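Enquirer: Attaching a single structure in C-alpha cells format; questions to follow.
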Amino acid sequence: TSINSTFHNQLFSFHYINITNTLPISAHIEIHPLETNISYLFIYKFDQIPQLNTSINQIDGWTVFCPFNLTNESIYTYFINNQQTFGHQSIIFGLRELNLTEIQDFCGNSSIVNPPITDEKFDFTSNYELRIYTSGCYYLDQNNQWKSDGLIVGPLTNHYETQCFSSHLTTFASGFRVLPEPVNWNYVFANADFLRNKTIYLTVICVSVIYLILLVYARLKDKRDLEKLGVTSLLDNHKSDQYFYQIIVFTSRRKDAGTKSKVHFVLSGDSDTTHIRTFADPHRQIFQRGGIDAFIMTVPKSLGLLNYIHIWHDNTGGGSSSSWFLKYLIVRDLQTMEKYYFICQRWLAVEKDDGKIERLLPIANEIEKNQFSYILSKKAYHNVSDSHLWFSIFSRPSSNKFTRIQRCTCCFVLLFLSMFLNIMYYDLSNQAKSTNNTNSLSIGPLHIASQQILIGMIVELLSIVPSLLLVQFFRRIRSRQQQISPLHQTLYKMKSHLKIENERKKKSEKLTFPWWCLFIAYGLCIILVGMSILFIIARGIEFGDLKTKQWLTSVLSGFFSSIFLTQPVKILCLTIFFAFFCRNTNDNEETKHYLDGNEVNFDNDFEDYPQPVEKQPSLFTCRSSIRLNRLTKRQIAVARQERLKEIQMWSFIREILSYFCFFILLYTITYSNQNSNGYFQVDHLQKYFYNSREINSDYSKISTINEYWLWLEESFVSNIRAQQWYNGDAPRYLSGFTNDKTNRFIGWATMRQLRTKSQLCHFKNEIISTCQYDYSLFNEDKHSYQPGWLNETIGTYSLSISQSFQYKSSKDLDTYTYIGDHGSYPGDGYVYEFRGGLSDLQSNLSQLHTLGWINNQTRAVIIQFTLYNPNVQLFTAVTFLMEFLSTGGVYPAARVEPMSFGAFTSPFQLICMMFYMIFIIYFMWMEIKSLFSLKWSYFQQFWSYVEVGMIVCSWSSVGIYVWRYKEYKRISSLFEQTNGYVYINLQFASYINDILTYFYGFCCFFGTIKLLHLCRFNERLMLFRETLKYAGKELISFSMMFLIVFFAFMCLFNLLFVSKILGCSSLLETAQMLFQMTLLKFDATELVGAAAFLGPFCFSLFILLVVFVCLSMFLSIINDSFRRARDDMKIEKNQEIFSFILNRFQHWTGWKKASEKEIYQERNGLMRSGYINGMEHLSEKLDQILDAVNRLSVSREAELTRAQQSDI
C-alpha cells in the first residue's frame, strides 16, 4: 500500500496485522521509501498498540532502518518468525522518520541498544510503500493433520519461496498468504471531506445513480414481460371443435425481425387439413422481435400425423414492421402430448431473402433438428439472453423467473465486490508488476510474477464466487403462490370441465427455496454492497485523489473488457462446444413456461367456453380464405419496390446523419491539434531573431561568412540571454529566459556544423590542386580535430571550444536529418553548445571566429533550440539553417514550429478520437460488405477509392497519434526529471506532429470530397458527373498531347534562361513559371531583360500554342461532352429516390396533401384487392355448406343427448 505523507503531529504511524490462524505463521514486513536517504524507527507489539515516549515504554521489539540497510530493490525488511507469533492474534507496528541528529547518532553507531525516544510529534517528508505477507512451514502427521512442531520459518523467506528449518525428517510443506493492508480508520475519518476526495465519492454516487436508473428500466421491462406471457386461444376457434393443438412460434432477435402484419397458416396432416387460420391476440402485440408466442388451435377432429404447415402474412405491418423472420414452430397435440417441429430460419419479407412472404415448412426429422445451424441458433440465443448477466438485463427471456430487477441487482453486487477487492489489492498488484526478480517472466511489455498471478486469482475468485451463489439463490426461489401454467389457464377458460393430471415429479428435480428467501437474498445484496462501498471510500481516501483516478482507470478498463470481450468470447466458445458435442434436442428453459408435463383429459361434453355473446360464431360460420386478402405476385412486386425505396430512403438519411457527425469529429480533432496562438508565436520569434531592423545584422539578408559571424556575435547571442530591464533593474527570476522575458529555454541552444573533405580536383589544374565539392554522405568529413582544425594542440582552450572541433554522431546528439533548400543534412557533425553567461558566450564565439570554425569546407551550420512560453502553454522548436554552397553563396533559412502538448493528452480530444475510431470501424465494415457484394465491380467505382483513402489515412493518423503520445510521454518524463535544465530536442516530436497534420489534411480532403457523393441527388452534380464520364477518354488523349507540348516548352525555357532568370533555375521552377504564363499571371519584362529577342519570341510562341490552341481544345471537349450529357440524361434511380424522399417528407410535415390521382389509385387498388370472383370459389362454397350441415347434425345429436340425460 502506498502511504500518503500527510500524517502530521503524531508520534507514530500505526499499522495492524491480523495473524489469527489455526497454525503458527510468520509475519514479513517490507517498507519501500520513495526517498532512499530517509531513515525510520520501527516498533511493534503483539495484540496491543505499542507506546514509546519518555514516560512509557511498551513494545515487544524495535529496530532502526538506515539507508545502508536497504536491499537491492531499495526495501527495508523486518521478519517475525512463527515462534514469536505463536499464541497471538495480531501485530500492531508503528513507524516514524528520524531527524538529522538521530540519523547521525543511531545510523553511525552500531552499539546502540536502546531506541531513540522523544515526545516531539513528527511530520512525514516523503511517501513510503508497504507490503505485508505471512508464511508458514507445516507437515502432515499420522492422522493426516497439518502440524508445525519442530519447524521454524527462516529469515530468507520472501514472497517467492519459503525457507524452513526442521528438527525432524518428516515431509513438510510451506504456506503463503498475500494480505491487503488494513485500513487506517483514524486517517480516513480525519480526511473524509468531499472536496479532497471528489473522485471516489463521485464514482460511488455515479455507479449508484446508474443502478437506480437501470432499476427503473428493469421494473418497466418486467411489467411488459408479464404482458407477453400467456397462451392465446385463436379467435377463429369454433365452440364445437373437439380436438386441441398447441402452437408455439419463435421469432428471431435479428433487426426488424418482428412484424405487425396479420399472419395466416394452414396445418396439414395425414387425416385432415385445417382451413386458413389466423394468429391473433386482441390483448397484446404478438410476433415481437425475439418473442415466443403460444396459441391453442381447435379443430373438429385429429389431423393425424402432421406433414407440413403453410404460413404467410399480408404485409400490412407498415415499414420495417411488415417483414418477419420466423425461426421455427412447435406444434403439440394436447391429447397425445406429441410434439412436431417445423424449422424455417428465413425471412418472410418482400425486400429480403427471395422476396417471398409465405413459406411451406415440412415437419423436421431428427437429422434436421440436430443440424449445427439450428442447434447453434438456439444455444446462442439462450446463452446471450440469459447467461451473460449484463446483457440479460436488456435481453432476458420473458418467461424466465429470474427477473431483470434481480439480474440488475446481482450485476451491481458483482461490480461493487470487484471494485472493493481491486482497491484492496491494488498496491500489491502494482508491486508485483514492478518487482524485477529472476522468478518472474517478462514477455515484451508484460511482466508476470507469481504474486501477481496469485493476487489476480484471489480477486477473481472472491468476486465471482459470491455473485454466482447469489445468482443461483435468486434463480431457485419459488413463487409465492403456486400458479397454474398459462396453457391450463387458457384451457380452463375454454372448457371449464377439463381434468388435469398431477405433474409427475422428475428424477433430478432442482433444489429450490421458499418465497420468503427473496428477502434474505436482497438483504445479502444490501450487506455486500454496503460493505464494499464503505471499504472503497475508505481506501480511496487513503489513496488520495490522484491515485484513485489511476485505480479507477484500471477498474474501468477491466470492467469493459470483461463485458465486451471476455464474457462474449466465453459464451461463443461454450455455444460452439455444446452445438458440436452436446446436441440435446430437448426444449430449453425458454419453452418450459409453455410446454409443461401435465396431461389434460378431454371428455365428450361440449360445454360452451366463456366468450362474449356478440362474438359467438354461428353453426353456419365457416373458416374461408375468400375474405383473406392474399397478395398477388404483381402486388408483391409493387410492395417490394416501395419497400426497397423506403429502405434506401432511411439508408440515405442514416448516411447523411452519420457523415455529419463524422465530419464534426474529423474537423474538431484536426483543428484542436492547432493552437490559435501559434501564428503569433512564430511571427514574434522570427522578427525577434531575424533582427530585420538592423541592416548589418539582418539574418534574412546574410550573404557572407563575416555577416553571419556578425549576426551571431551581436544579435543572436544577445537575444538568448535575459538582460537588464529598460530601467536598469536586474532580470530576477528570469534565469534561462530569452531577452524578450517571455520564452524560456529548455536546456540550451546548440550550433552544429557539417563539413566536406578536402579532395583533389577532378580536372588537373595548375592554379589550385584541392577542391571542396557540394555536401553528400560520401564526402562528409567525420574526423575529430583540435581547435583550428589542426591535428595537434596549439594553445589552451576551454572545454566547450575543444568539444566544438570533435565529431559526434546523431545518436550521441539525439538529433535527426534536416532537409534544407539545397540539400539534406544528417544529425551528426561538430557541435558548439551555448552554455554559460552572456560574457562567456561572446568570448567563445569570438574565439571560434578567430580559429576559423566556419571555413571553406563548411557546408551547413544548424542552430537548434527549444523554447517554452508558459503564458500560452506553447513549446517551440526553432532551427536556423545556413547553407554554404560550393559556388561561394550563403543561403539562410529558418523554421519555427510551435507545439501544444496540451493537445496530446486533452480528455476532449481523446474522447473525440475514440468516437472517430468507432466511425472508421463502421465505415470499414460497410466497405467490406460492399467489396463482397460487388466483388471486382467495387474497384471500378471512383467513390470506392475515396472511401479506402479516407480509411487508410484515418488509421494512419490514429497510429501516428499513438506514436506522438509516446513521444510526448518520453519528453514530459525527461522534463519532470530535469526541470528543463537539460537539452531536449523537439525535432523528432515536430516531425511526428507534421506527419499527423499531413494525414489529418488528407482525411479532411477525402471527407470533403465525400460530400459530393452525398449530394448525388442534385441534378447539377449529376450533370457534372455525366459530363466527366463522356469526356474521360478524350481528355486522356488530349492530356498526353498537352504534356508533350508543355514539356517541350519547359525544356526550351530551362535551357535558354537557366543562368539568367530565377524562375528557370530548375525544371520544377520552370514548370511553375509556365503555369503562371498559362493563367496569364506573368510579367514578361524579366524575359525581355534576359534576352531581347528570344525572350519575347518564346513567350509569344507559348501563348499561341498552349493558351490559345490547347486550352481552346480543352474547352471544346468539355462543351461537347456537356451537350451530349444534357441531351442523353435520363431520370436515374437516385433521382427517383430523391423524389420519393421529398414526397414522403412533404406528406409527413403536411406541406403537401395527396392528389386526386393518388387517392384514385389507392381506392382502385383497394377495390381490386377486395374484388371476389364467385365462380372461382364455387367448389369451396359447396364444401362449406356441407360442413355447416354436418355441424348442425352433430349439434342436434348433442342436444338430444343432453335432453335424454336430463329426463333420466
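If you use UniProt numbering, the sequence shown corresponds to residues 1 to 1208, in order. Each residue gets a CB set at the ideal place from its N, CA and C atoms; glycine is no exception. Because the structure is a prediction, the values reported are computed rather than measured.
If you run the structure through DSSP and keep just helix, strand and coil, what is residue 930?
Expert: The answer is helix: DSSP assigns residue 930 an H, G or I state.
Enquirer: Under three-state DSSP, which class holds residue 53?
Expert: In the structure shown, residue 53 sits in coil (DSSP, three-state: anything other than H, G, I, E or B).
Enquirer: Go ahead and pull the three-state DSSP assignment for residue 963.
Expert: In this structure, residue 963 counts as helix in the three-state DSSP scheme.
Enquirer: In the DSSP assignment, the alpha helix (DSSP H) including residue 860 goes from what residue to what residue?
Expert: Premise fails: residue 860 lies in the beta strand (DSSP E), 858 to 869, not in any alpha helix (DSSP H).
Enquirer: List the endpoints of the continuous alpha helix (DSSP H) containing residue 1031.
Expert: Residues 1019 to 1057.
Enquirer: Can at least three beta-carbon pairs, one atom from the stretch 829 to 845 and one from the stretch 712 to 720, be found at a separation below 8 Å?
Expert: They touch, by the three-pair rule.
Enquirer: So the alpha helix (DSSP H) residue 537 belongs to, where does it begin and stop?
Expert: Run containing residue 537: 517 to 543, per the alpha helix (DSSP H) assignment.
Enquirer: What do you reckon, are the CB atoms on residue 152 and residue 17 nearer than 7 Å?
Expert: In this structure, residue 17 does not lie closer than 7 Å to residue 152 by Cβ.
Enquirer: Relative to the C-alpha of residue 802, which candidate in 825, 833 and 821 has its C-alpha closest?
Expert: If we check each option's Cα against that of residue 802, 833 comes out closest.
Enquirer: Residue 135: which of 183, 26, 883 and 1049 sits nearest, CA to CA?
Expert: With distances taken between Cα atoms, residue 135 lies closest to 26.
Enquirer: Hey, out of 881, 1015 and 912, whose CA is closest to residue 943's CA?
Expert: When each option's Cα is compared against that of residue 943, the closest is 1015.
Enquirer: What three-state label does DSSP hand residue 296 in the structure shown?
Expert: DSSP places residue 296 in strand when its eight states are reduced to three.
Enquirer: Does the stretch 273 to 291 come close enough to the stretch 223 to 242 to have 3 or more Cβ pairs within less than 8 Å?
Expert: Output reads yes: the stretch 223 to 242 touches the stretch 273 to 291.
Enquirer: Just to confirm my understanding: we take residue 82, look at its own chain, exclude 5 residues before and 5 after, and list those with CB closer than 7 Å. What are they?
Expert: Counting only Cβ-Cβ distances below 7 Å, and skipping sequence neighbours, we find 24, 25, 26, 136, 148, 152 and 153.
Enquirer: Please identify the residue among 1012, 739 and 67 whose C-alpha is closest to the C-alpha of residue 684.
Expert: Among 1012, 739 and 67, the Cα nearest to that of residue 684 belongs to 739.
Enquirer: Could you give the DSSP three-state label for residue 222: helix, strand or coil?
Expert: Residue 222 falls in the helix class under three-state DSSP.
Enquirer: Could you have a look at residue 301 and say whether DSSP puts it in helix, strand or coil?
Expert: Residue state, collapsed to three classes: coil.
Enquirer: For residue 876 versus residue 898, is the C-beta spacing smaller than 7 Å?
Expert: In contact: residue 876 and residue 898 (Cβ atoms closer than 7 Å).
Enquirer: Could you check which residue in 857, 817 and 340 has the C-alpha nearest to that of residue 773?
Expert: Checked all of 857, 817 and 340; the closest Cα to residue 773 is 857.
Enquirer: What is the DSSP secondary structure of residue 19, counted as helix, strand or coil?
Expert: Three-state result, residue 19: coil.
Enquirer: Figure out for me which residue from 879, 869 and 800 has the closest Cα to the Cα of residue 827.
Expert: The residue with the shortest Cα to Cα distance from residue 827 is 879.
Enquirer: Among 831, 477 and 342, which one has its Cα closest to the Cα of residue 365?
Expert: Here the closest residue by C-alpha is 342.
Enquirer: Using CA atoms only, rank isn't needed, just tell me which of 749, 314, 273 and 1063 is closest to residue 640.
Expert: Residue 640 has its Cα closest to that of 314, out of 749, 314, 273 and 1063.
Enquirer: What do you get for residue 218, buried or exposed, if any count of 16 or more other CB atoms within 10 angstroms of its CB means buried?
Expert: Answer is buried; the Cβ neighbour count reaches 16.
Enquirer: Look up residue 71 in the DSSP assignment and give the residues it is bridged to.
Expert: DSSP output for residue 71 lists no bridge partner at all.
Enquirer: If contacts are defined as beta-carbon pairs under 8 Å, then residue 521 and residue 470 qualify, I think. What distance do you get, rounded to the angstrom?
Expert: Right, the Cβ-Cβ distance comes to about 7 Å (below 8 Å), so this counts as a contact.
Enquirer: Can you tell me whether DSSP reads residue 899 as helix, strand or coil?
Expert: Here residue 899 sits in strand by DSSP.
Enquirer: Since I believe residue 706 is in contact with residue 698 (beta carbons under 8 Å), could you give me their beta-carbon distance rounded to a whole number of angstroms?
Expert: Residue 698 to residue 706, Cβ: 14 Å. No contact.
Enquirer: State buried or exposed for residue 187, treating a residue as buried only when at least 16 other CB atoms are found within 10 Å of its CB.
Expert: Looking at its Cβ environment, which holds 16 or more other Cβ atoms inside 10 Å, residue 187 is buried.
Enquirer: Would DSSP call residue 936 helix, strand or coil?
Expert: The answer is helix: DSSP assigns residue 936 an H, G or I state.
Enquirer: Any chance the stretch 160 to 168 sits against the stretch 50 to 66, with 3 or more Cβ pairs inside 8 Å?
Expert: Contact fails: fewer than three Cβ-Cβ distances are below 8 Å.
Enquirer: If we count Cβ pairs, one from each stretch, closer than 8 Å, do we get three or more for the stretch 239 to 259 versus the stretch 324 to 334?
Expert: Verdict: yes, contact present.
Enquirer: Give every residue of the same chain whose Cβ lies closer than 8 Å to the Cβ of residue 19, excluding the five residues on either side of it in the sequence, and list them in chain order.
Expert: Here the set comprises 25, 27, 85, 88, 89, 90, 91 and 134.
Enquirer: Indicate whether residue 1089 and residue 1073 have their beta-carbon atoms separated by less than 7 Å.
Expert: For residue 1089 and residue 1073, no; Cβs fall outside 7 Å.
Enquirer: If I follow the unbroken alpha helix (DSSP H) through residue 350, where does it start and stop?
Expert: Note, residue 350: premise wrong, no alpha helix (DSSP H); not H, not E.
Enquirer: Using 10 angstroms around the beta-carbon of residue 681, count the other beta-carbons present and answer buried if the total reaches 16, otherwise exposed.
Expert: Buried: at least 16 other Cβ atoms inside 10 Å.
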